[in-house]
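According to mature numbering (1 follows the signal peptide of the UniProt record, and there is no 0), the residues represented by the sequence shown are -24 to -1, 1 to 164, in order. Yeah, the Cβ is synthetic: ideal placement off N, Cα and C, and Gly gets one too. Owing to the predicted nature of the structure, the values given are computational and were not obtained by experimental measurement. One structure is given here, and the rest of the page talks about it.
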Amino acid sequence: MRLRSAAAPLAAAMLLLSACSAESSLEDFEALRSELAGAESVHITARVVAAGETPEEYVLTFDGGEDGCTVAVSEPEALAGISARITDGGTEIEYGSMVLAAGDMNGAGLSAVTALPRLAEAIGGAHASLSWTEGEESVVSLVPSDSESVELRLGADGTPLSAEFTGSGGEVLIMCEIREFSLTATED
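Below you can see the structure in the form of structure tokens.
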């Protein structure tokens, strides 16, 4: 009898803790989103792994601002220096004699090259459908489109640590291990 009477308050406490956890992680994400909205530019360096029949792995650097963005390859060494410039007017790929695979992974234009720009867009405007904490990290599930979702993991300081893009069927499309994330504030 005592166990039953003790279980109800414990269950209520756990429910409150999980609600606080979700609220805290969502607040961390909203702070990041607000910083991004006020930024002049964003810089992300990440190890990007594109799933599929022949998984591809790159270390890419994304630099984005009002006039578009650039995604540059630093690894593998054979592709280092290849970059893609993405603007509203289209995409230009700069390369020597090598071609960077930029195929469409899910029918919505997602590839290793477009993953970091899509991540920045998702942070900026995708619907946050779910959030929780794991230890000192916050996790937010973002839904940028009907064909994909992004699980974004933030460190204790609110800095993005990783992102995982999944398709509408739950299959992993792209995994990003974020090594560097910085924003340049808009000058007032």
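Quick check on residue i - is its C-beta less than 8 Å from some C-beta in chain D?
i: ASP122; result: The structure shown has no chain D; it contains just one protein chain.
Check the DSSP bridge columns for residue i and list the partner residues they point to.
i: GLU113; result: GLU110
i: GLY41; result: SER17 and GLY44
Excluding the 5 residues preceding and the 5 following residue i in the sequence, name in chain order all residues of the same chain whose CB lies nearer than 7 Å to its CB.
i: GLU51; result: TYR34 and VAL35
i: PRO31; result: VAL25
i: GLY100; result: ARG9, LEU12 and ALA13
If I follow the unbroken alpha helix (DSSP H) through residue i, where does it start and stop?
i: THR90; result: 88 to 101
Within the same chain, show all residues whose beta-carbon is closer than 6 Å to that of residue i, passing over the 5 residues directly before and after it, in chain order.
i: ASP39; result: HIS19 and THR46
i: GLY134; result: ASP4, ALA7 and LEU8
If you count every other CB in all the chains shown that lies within 10 Å of the CB of residue i, and 16 or more means buried, which is it?
i: ASP122; result: exposed
i: SER144; result: exposed
i: THR90; result: buried
i: SER107; result: buried
i: GLU53; result: exposed
i: SER105; result: exposed
Under a three-way DSSP split, which group does residue i fall into?
i: ALA22; result: strand
i: GLU53; result: helix
i: ALA104; result: strand
i: SER138; result: strand
i: GLU32; result: strand
i: SER1; result: helix
i: SER10; result: helix
i: ASP133; result: coil
i: ILE144; result: A small correction: the amino acid at residue 144 is Ser; Ile does not occupy that position in the sequence shown. SER144 falls in the coil class under three-state DSSP.
i: ARG(-21); result: In this prediction, ARG(-21) scores a pLDDT of 44, lower than 50, which makes its location untrustworthy; the coordinate-derived value is nonetheless stated afterwards. The answer is helix: DSSP assigns ARG(-21) an H, G or I state.
How far does the beta strand (DSSP E) with residue i in it reach, from first residue to last?
i: GLU124; result: 124 to 130
i: ILE58; result: Element bounds for ILE58: n/a, residue is neither H nor E.
i: ALA161; result: 148 to 161
Between which residues of its own chain and residue i is the CB-CB distance below 8 Å, once the five residues before and five after are set aside?
i: SER(-1); result: THR109 and SER114
i: ASP43; result: THR63
i: LEU130; result: SER1, ASP4, PHE5, LEU8, GLU113, SER114, VAL115, VAL116, PRO136 and LEU137
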